[in-house]
Amino acid sequence: MAEAGENDILDSAANFAARLKYHQRRALRDAFFDASISNAVTDDAAKKIYDEKIGSVKPQQEIHARHILV
């Protein structure tokens with residue numbers, strides 16, 4: 004498919020450069036995240052924060068409807 008796009012000269016379309024730059028920046032963001040941020044937070048630390056936050060939330064009454072009439 005990529006070769007077909009090249010044969011149709013789609014890589015010189017007006018918005019192609021913008022799309023290429025967007026995906027390049029997205030790949031750089033993902034690489035930065037993998038290299039720095041993902042190692043800064045351990046699973047245990049994330050679970051601890053989750054448990055603290057979920058413990059402070061007041062339970063709400065849940066309502067279950069069996070039939071919905073329109």
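Each residue of the sequence shown is one higher than the one before, counting from 4 in our numbering.
The beta carbon of each residue, even a glycine, is placed where N, CA and C say it ideally should be.
Predicted model only: the values in this text are computed from it and were never measured.
For A68, there is no enclosing alpha helix (DSSP H), since its DSSP letter is neither H nor E. Residue state for K61 is assigned as coil, using DSSP reduced to three classes. Going by DSSP, A20 is part of the alpha helix (DSSP H) stretching over F19 to F35. In the DSSP assignment, A5 falls within the unbroken alpha helix (DSSP H) covering A5 to N10.
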